[in-house]
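**Q** One structure coming up, written as structure tokens, with questions to follow.
Residue numbers (our numbering), protein chains in the order written: chain A, 167 to 466; chain B, 167 to 466.
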């Protein structure tokens, strides 16, 4: 089973600078709209787009009609100028920032928790400069020793998220809680639970997301999960549903229509971002996946 | 805040026997239907219906057009004949059996867990004889010392539910997992999580429910929660949304339309059962609550 680390580490950092120009982009926001008005905005993680340099990747994405670029959080602060320049005079915007922080928020070791808070703040500041929707945060992976799963821990998490959320909001971006499947993070597995944490945090900078890959294992209804996310839904990840490769590579299993119906009901106008590998030739499987998603979105 | 125990302990056990006659009732089941065909079936817990004897209560319920009677599980086995006789020649059926078991399933003390299993089996057998939808089970209340909230505990729970579910199914009834709010049972708080446990148990005798009272605190979307419950939804509890009294007694807060929409989308034909107290005169607040629910069901 591929993990996030696999995708992120493929990110190229040698992008040539295409053009010089400051990028002024408002923080991403969407208002609930009718199902008919919901737009499909496809995003790719930097490591998934085809090309040797960031510029080549962006050229490729533009040809595909992809409008969002998801970046890793590691080293992001040092890449702000490079990325701003590469995106100037393009329609592509930064979607979310995926991970890249140190430590973990639920750590029972104060040093690990502080590491998480410090690195998260640094990434949030860079995310804000880049006009990113927000920074994806997993409270704790299974391998990360944490406080027990109790109400007290939940209260502590909510208090920490309030602080990080306020910081994110100051920087015109957000924290996006991501539920993972039980094999990776038992603590937060369902979208409705993430949404419930957002409600408790009651912060203009705390949101959640759904990842079809994880949802396949944890949700009984994609549509129900997204409806429960409601106004807290800020981002969506997609992959094939059996092997976390390109949507479509797992055949009939790769049906997202029920979830897309939920997104349309919400008037969701955020990004649907690829986080996946491929078992085939990416030059074929990636465009095919984009096509599949567009077709299923229409059917939803 | 009223708790389940308060409602259940009010149950009258002195019901006169109205008529003699065996009751042959199939296990409750509903198939998904279109929203238009979903019926509203209202149920009252025995302690809520007005009357000195079970027969008086049933007479009262019939006048209100209530079709379900929810019974406490304590002492149920000894009441089977009494209840069968009281219900013969009536349109009212037994909806769910609420609690009444000993011990708790997540107990780290094997004696408490065994107590739960033994008493649950006894109640399930009686529930089956009475044609009940199922028996409501809470895996652990906050005050009940349990295994930690980990994947291992979840696996243990699922294994135990498989066994109890098979037993329930043999007896033509079911186990119904009830999520409660965090103040009562942090372990299982959301309907989507209960549904996920049902999916893992993969048993014809394991289902879940939603209780509007608990959902008010824990769910971000009543409709999303019910859609996630989907085919696993077997029962619904209702109460006012601020003080757990009669629907309507908390004024504008007592809006169930969004949840009812979800139930209609599922083609839900189970019961919506009152579990609540009242601050007013029950002879007024109870009929008013039934009327309110009927009006909101129509609007949904």
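We treat Cβ as the ideally placed atom computed from N, Cα and C, and that holds for glycine.
Please confirm whether residue 344/A has its beta-carbon closer than 8 Å to some beta-carbon of chain B.
**A** Stepping through the first chain from its first residue, residue 344/A is reached at position 178. Closer than 8 Å: no.
**Q** Please confirm if the region 371 to 388 of chain A is in contact with the region 336 to 345 of chain A, defined as three or more CB-CB distances below 8 Å between the two stretches.
**A** Yes, the region 371 to 388 of chain A touches the region 336 to 345 of chain A.
**Q** Need the endpoints of the beta strand (DSSP E) that residue 262/B sits in, please.
**A** Numbered from 1 along the second chain, position 96 holds the residue referred to as residue 262/B. From DSSP, the beta strand (DSSP E) with residue 262/B extends over 259 to 264.
**Q** Looking at the C-beta of residue 368/A, does it have a partner C-beta in chain B at a distance below 8 Å?
**A** For the purposes of this step, residue 368/A is identified with residue 202 of the first chain, where counting begins at 1. With 8 Å as the cut-off, residue 368/A does not count as an interface residue toward chain B.
**Q** For the region 313 to 399 of chain A, list the alpha helix (DSSP H) runs that are entirely contained and at least 4 residues long, ordered along the chain.
**A** Listed in chain order, they are 317 to 336, 357 to 367, 378 to 384, 388 to 395.
**Q** I need the DSSP call for residue 199/A, collapsed to helix, strand or coil.
**A** Here residue 199/A is taken as the residue at index 33 of the first chain, counted from 1. A caution first: residue 199/A carries a pLDDT of 45, below 50, which makes its placement in the model unreliable, though a value can still be read off. Coil, per DSSP.
**Q** When you check each C-beta in the region 311 to 330 of chain B against every C-beta of chain A, which residues fall closer than 7 Å?
**A** Against chain A - using a Cβ distance shorter than 7 Å - the residues of the region 311 to 330 of chain B are 314, 315, 316, 317.
**Q** Taking CB distances under 8 Å as the criterion, tell me whether residue 422/B reaches chain A.
**A** The residue labelled residue 422/B in the question sits at position 256 within the second chain. No, residue 422/B lies away from the interface with chain A (no Cβ there is under 8 Å from its Cβ).
**Q** In angstroms, rounded to a whole number, what distance separates the CA positions of residue 445/B and residue 415/B?
**A** As a working note, residue 445/B is residue 279 in the second chain. As a working note, residue 415/B is residue 249 in the second chain. For residue 445/B and residue 415/B, the distance between alpha carbons rounds to 8 Å.
**Q** In the DSSP output, which residue or residues are listed as bridge partners for residue 403/B?
**A** The count along the second chain starts at 1 and reaches residue 403/B at position 237. Per DSSP, 377/B, 439/B.
**Q** So that I know if they touch, is there some Cβ in chain B lying closer than 8 Å to that of residue 398/A?
**A** Locating residue 398/A in the first chain gives position 232, counting from the first residue. True, the Cβ-Cβ gap to chain B drops below 8 Å.
**Q** Identify every run of the alpha helix (DSSP H) within the region 206 to 247 of chain A, keeping only runs that are complete inside it and at least 4 residues long; order them along the chain.
**A** Taking only runs of at least 4 residues, the alpha helix (DSSP H) segments lying wholly in the region 206 to 247 of chain A are 220 to 230.
**Q** Just to confirm the assignment: which complete alpha helix (DSSP H) runs, minimum length 4, are found wholly within the region 262 to 303 of chain A?
**A** Listed in chain order, the complete alpha helix (DSSP H) runs (minimum 4 residues) inside the region 262 to 303 of chain A are 276 to 295.
**Q** Using DSSP with H/G/I as helix, E/B as strand and the rest coil, what is residue 188/A?
**A** As a first step, residue 188/A is located in the first chain; it is residue number 22 there, counting from the start. Its pLDDT being 34, under 50, residue 188/A is placed unreliably by the model, and the measurement read from it follows with that caveat. Three-state result, residue 188/A: coil.
**Q** Compare the beta carbon distance of residue 335/A and residue 291/A with 8 Å and say whether it is the shorter of the two.
**A** Translated into the one-based positions of the first chain, residue 335/A becomes position 169. Translated into the one-based positions of the first chain, residue 291/A becomes position 125. Contact: no.
**Q** Rank 367/A, 312/A, 321/A by C-alpha distance to the C-alpha of residue 353/A and give the top, closest one.
**A** If you number the first chain from 1, residue 353/A lands on position 187. Residue 353/A has its Cα closest to that of 312/A, out of 367/A, 312/A, 321/A.
**Q** The region 382 to 411 of chain B: which residues have C-beta closer than 8 Å to a C-beta of chain A, in chain order?
**A** Within the region 382 to 411 of chain B, the residues whose Cβ lies closer than 8 Å to some Cβ of chain A are 384, 385, 386, 387, 389, 390, 391, 392, 393, 394, 395, 396, 398, listed in chain order.
**Q** Would you say residue 199/B reaches chain A, if we count a Cβ-Cβ gap shorter than 8 Å as a contact?
**A** Locating residue 199/B in the second chain gives position 33, where the first residue counts as 1. Caution is warranted here: a pLDDT of 45 is assigned to residue 199/B, below 50, making its placement in the model unreliable, and no coordinate value can be reported.
**Q** Any C-beta of chain B sitting closer than 8 Å to the C-beta of residue 247/A?
**A** Locating residue 247/A in the first chain gives position 81, counting from the first residue. By this cut-off, residue 247/A is not an interface position.
**Q** Counting only Cβ-Cβ distances shorter than 7 Å, please list the residues of the region 349 to 380 of chain B near chain D, keeping chain order.
**A** Here chain D cannot be found, since the structure's protein chains are A and B.
**Q** Would you say residue 262/A and residue 298/A are within 8 Å of each other, going by their C-beta atoms?
**A** By 1-based counting over the first chain, the position of residue 262/A is 96. By 1-based counting over the first chain, the position of residue 298/A is 132. In contact: residue 262/A and residue 298/A (Cβ atoms closer than 8 Å).
**Q** Taking the alpha carbon of residue 319/A as the point to measure from, which residue in 320/B, 322/B, 321/B, 315/B has its own alpha carbon closest?
**A** Translated into the one-based positions of the first chain, residue 319/A becomes position 153. Ranking the options by Cα distance to residue 319/A, first place goes to 315/B.
**Q** Can you name the start and end residues of the alpha helix (DSSP H) that residue 424/A belongs to?
**A** Within the first chain, residue 424/A is the residue found at index 258, counting from 1. Counting along the chain, the alpha helix (DSSP H) containing residue 424/A begins and ends at 423 to 432.
**Q** Skipping 5 residues on each side, what residues in its chain have a beta carbon closer than 7 Å to that of residue 211/A?
**A** Taking the first chain and counting its residues from 1, one reaches residue 211/A at position 45. 173, 236, 264, 439, 440, 441, listed in sequence order.
**Q** Among residues of its own chain, excluding the 5 on either side of residue 387/B, which ones have a beta-carbon nearer than 6 Å to its beta-carbon?
**A** Translated into the one-based positions of the second chain, residue 387/B becomes position 221. Once the five neighbours on either side are set aside, residue 387/B has no close Cβ partner at all.
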